[in-house]
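S.K.:
Protein chains: 2
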Amino acid sequence: MALGTDYELQDCALARALEVVGERWSLLIVRDAFYGVQRFNDFLVHLGIPRAVLTARLNALVAAGVLRKEPYQQAPLRHGYLLTDTGLELWGPLYQLSRWGGRHATPGGPHHLFAHRACGTDLDLIGACPSCGGGPVPPAEVTMRPNPAHAGGHREDPVSRALVRPHPLLEPIASAAASAA
Amino acid sequence: MALGTDYELQDCALARALEVVGERWSLLIVRDAFYGVQRFNDFLVHLGIPRAVLTARLNALVAAGVLRKEPYQQAPLRHGYLLTDTGLELWGPLYQLSRWGGRHATPGGPHHLFAHRACGTDLDLIGACPSCGGGPVPPAEVTMRPNPAHAGGHREDPVSRALVRPHPLLEPIASAAASAA
DNA sequence: CCGATGGGTCTGGTGAATGAACCTTCATCT
DNA sequence: AGATGAAGGTTCATTCACCAGACCCATCGG
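Going down the list, the protein sequences come from chains E and U.
According to the numbering used here, the first sequence is numbered sequentially starting from 835.
According to the numbering used here, the second sequence is numbered sequentially starting from 835.
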């Protein structure tokens, strides 16, 4: 969290976690990574974040082991940012915080709904599948779709456009390809 | 989150949630509230947060409906800050984020352990009681205790001292009384 | 050669966080 | 009465992070 002083004195795992993902934008970047965003430019336009801040956050998340860089082309070397196993384990807190926000801080309810990919049932409050039972569904088995009850204005960047239709989490957004098509 | 610009454009409940509890210190204040901290001064010394920032955060959390002010004496009017129902629902995300931090960002493991008050069993990853079954245990039925495996240096403020012994969540810490005794 | 694309870095301005000092109300001690 | 001290703030100068936009560099297509 770029904490100047005594954050590091906090005898609490929560403070440690917030040092990693508590800075402004960090959790939104991680959320976008779950949505399938991988490229610098896609994060940039989808989040509307200053370039310098995005660079700093991505590097910090890579250094913290939440994201890793993976080349996707060599010609001019380009790499995407992918969630590590550590990053994937943020799905639980992220989902729950998102649900909390949907209940208490989002007029009109949530904009996205999440379902168990295998059976199509919407996830419950803790991210488990009510019909399949068991614990929370891992993100790779979750699909997201827009909430039909929420008609709000849509943005027009490639990522927002791609997320208008149902989309499995972690599956790369077809950013460049989609915008060219 | 005191977001200058386009946070409010984020079509995501998570962004909304972060506007409320995403600012620096906010989530730590809420955590302390779960621990039973209620008074301005106890937050102040336990968190080591600047007074002006604490004032601002507490007021923001009250305005957001996460905390409420409750007078605890009249003589010079004094009030404590207590979690509302909305605030209590943050227990899930908070606990999970804390667990994540304990696993991935805390050398030596977590400093506190959480158990089901009724049966003494430690909570699992999602905050449920493995032996009693059912969903996540509500915070009022949880006790916290220091992790014996973690011998790290302890601080000496009243709150830290009170939390050395097992303590039910949400139960007010005996701050003034304890320091006088 | 020209421009576009992707992924950055650099810079100046602004607003928020920080730490320390100060203020107010009351209760208690001497 | 006067001094002391606790609780809960407010004010203020300084520092620091965020922001927006300009600029830079490599490569590819025409």
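From the three backbone atoms N, C-alpha and C, an ideal C-beta is built for every residue, glycine too.
Going along the chain, which unbroken runs of the beta strand (DSSP E) with 3 or more residues stay wholly within the region 923-971 of chain E?
M.R.: 946-950
S.K.: Given a cut-off of 7 Å on the beta-carbon distance, is the pair E/Arg865 and U/Leu848 in contact?
M.R.: yes
S.K.: Nearest by alpha-carbon distance to U/Asp991: which of U/Glu853, U/Asp876, U/Met978 is it?
M.R.: U/Asp876
S.K.: Could you compute how far the alpha carbon of E/Ala939 sits from the alpha carbon of E/Gln908?
M.R.: 44 Å
S.K.: Under 7 Å between C-beta atoms, does U/Val887 make it to chain E?
M.R.: no
S.K.: So that I know if they touch, is there some Cβ in chain U lying closer than 7 Å to that of E/Thr920?
M.R.: For E/Thr920, the answer is yes, since a Cβ of chain U falls inside 7 Å of its Cβ.
S.K.: With H, G and I counted as helix, E and B as strand and the rest as coil, what does DSSP make of U/Val854?
M.R.: helix
S.K.: Distance, Cα to Cα, E/Ala996 vs E/Pro1006?
M.R.: Taking the straight line joining both Cα atoms gives about 10 Å.
S.K.: Would you please verify whether the beta carbon of U/Trp934 is less than 7 Å from any beta carbon of chain E?
M.R.: yes
S.K.: Which two residues bound the contiguous alpha helix (DSSP H) that contains E/Pro884?
M.R.: Run containing E/Pro884: none; DSSP gives neither H nor E here.
S.K.: Tell me which residues share the same chain as E/Tyr929 and place their Cβ nearer than 6 Å to its Cβ, disregarding the 5 neighbours each side in the sequence.
M.R.: Gly961
S.K.: With distances taken from CA atoms, which of U/Val879, U/Tyr915, U/Trp925, U/Thr918 is nearest U/Pro973?
M.R.: U/Trp925
S.K.: For U/Arg912, which beta-bridge partners are listed by DSSP?
M.R.: U/Gln907
S.K.: May I ask you to report which of helix, strand or coil DSSP gives U/Thr918?
M.R.: coil
S.K.: So E/Thr955 contacts chain U; which residues on that side make the cut at Cβ distance below 7 Å?
M.R.: Going along chain U, no residue has its Cβ under 7 Å from E/Thr955, so there is no contact; the nearest lies around 17 Å.
S.K.: If I measure Cβ to Cβ from U/Leu862 and keep anything under 7 Å in the same chain, skipping five residues before and after, which residues do I get?
M.R.: Leu881
S.K.: Since U/Ala851 and E/Gly935 should fall inside the 8 Å C-beta cutoff, what is the C-beta to C-beta distance between them, to a whole number of angstroms?
M.R.: 3 Å
S.K.: What's the gap between the Cα of U/Val855 and the Cα of U/Leu895?
M.R.: 8 Å
S.K.: Does U/Ser965 pass the burial test, meaning 16 or more other C-beta atoms within 10 Å, or should it be called exposed?
M.R.: Exposed, by the Cβ-count rule.
S.K.: Provide the residue span of the alpha helix (DSSP H) that contains E/Val864, from first to last.
M.R.: 860-869
S.K.: Kindly indicate which residue of E/Pro970, E/Asp956, E/Glu857, E/Phe948 has the alpha-carbon position closest to the one of U/Cys846.
M.R.: E/Phe948
S.K.: Helix, strand or coil: how does DSSP classify E/Leu1003 here?
M.R.: coil
S.K.: Which first and last residues belong to the alpha helix (DSSP H) in which U/Arg995 is found?
M.R.: Run containing U/Arg995: 992-996, per the alpha helix (DSSP H) assignment.
S.K.: Hey, could you find the ends of the beta strand (DSSP E) U/Arg979 is sitting in?
M.R.: Under the DSSP assignment, U/Arg979 falls in the beta strand (DSSP E) whose first and last residues are 976-980.
S.K.: Determine the direct distance from the alpha carbon of E/Pro910 to that of U/Glu959, and round the result to whole angstroms.
M.R.: Sequence inspection shows Leu at residue 959 of chain U; the Glu mentioned does not correspond to that position. Approximately 43 Å between the Cα atoms of the pair.
S.K.: Does U/Tyr869 pass the burial test, meaning 16 or more other C-beta atoms within 10 Å, or should it be called exposed?
M.R.: buried
S.K.: Can you find a CB in chain U that lies within less than 7 Å of the CB of E/Glu923?
M.R.: yes
S.K.: Once the 5 residues before and after U/Leu888 are set aside, which same chain residues still bring their CB inside 8 Å of it?
M.R.: Its chain contains Trp859, Ile863, Phe874, Phe877, Leu878, Leu881 as the residues whose beta carbon lies nearer than 8 Å to that of U/Leu888, once the 5 sequence neighbours on both sides are disregarded; these appear in chain order.
S.K.: Just to confirm before moving on: does the CB-CB distance between E/His946 and E/Cys963 stay below 7 Å?
M.R.: no
S.K.: Cα separation between U/Asp840 and E/Arg885?
M.R.: Because U/Asp840 sits at a pLDDT of 44, beneath the cut-off of 50, its placement in the model cannot be relied upon, and the point is left open.
S.K.: Any heavy atom of the ligand SAH within a distance shorter than 6 Å of the CB on U/Pro1000?
M.R.: The ligand SAH is absent from the structure shown, which contains no ligands of any kind.
S.K.: Out of U/Asn893, U/His984, U/Asp919, U/Ser932, state which residue places its alpha-carbon closest to the alpha-carbon of E/Glu923.
M.R.: Relative to the Cα of E/Glu923, the nearest Cα in the group U/Asn893, U/His984, U/Asp919, U/Ser932 belongs to U/Ser932.
S.K.: Where DSSP assigns a beta bridge to U/Leu901, which residues make up the other side?
M.R.: U/Leu917
S.K.: When you compare the CB positions of U/Ala952 and U/Leu917, do they come within less than 7 Å of one another, or not?
M.R.: no
S.K.: Between the beta-carbon of U/Gln872 and the beta-carbon of U/Gly899, is there less than 7 Å?
M.R.: no
S.K.: Just confirm the distance between the C-beta atoms of U/Ala983 and U/Gly943, as a whole number of angstroms; I'd bet it's less than 8 Å.
M.R.: 6 Å
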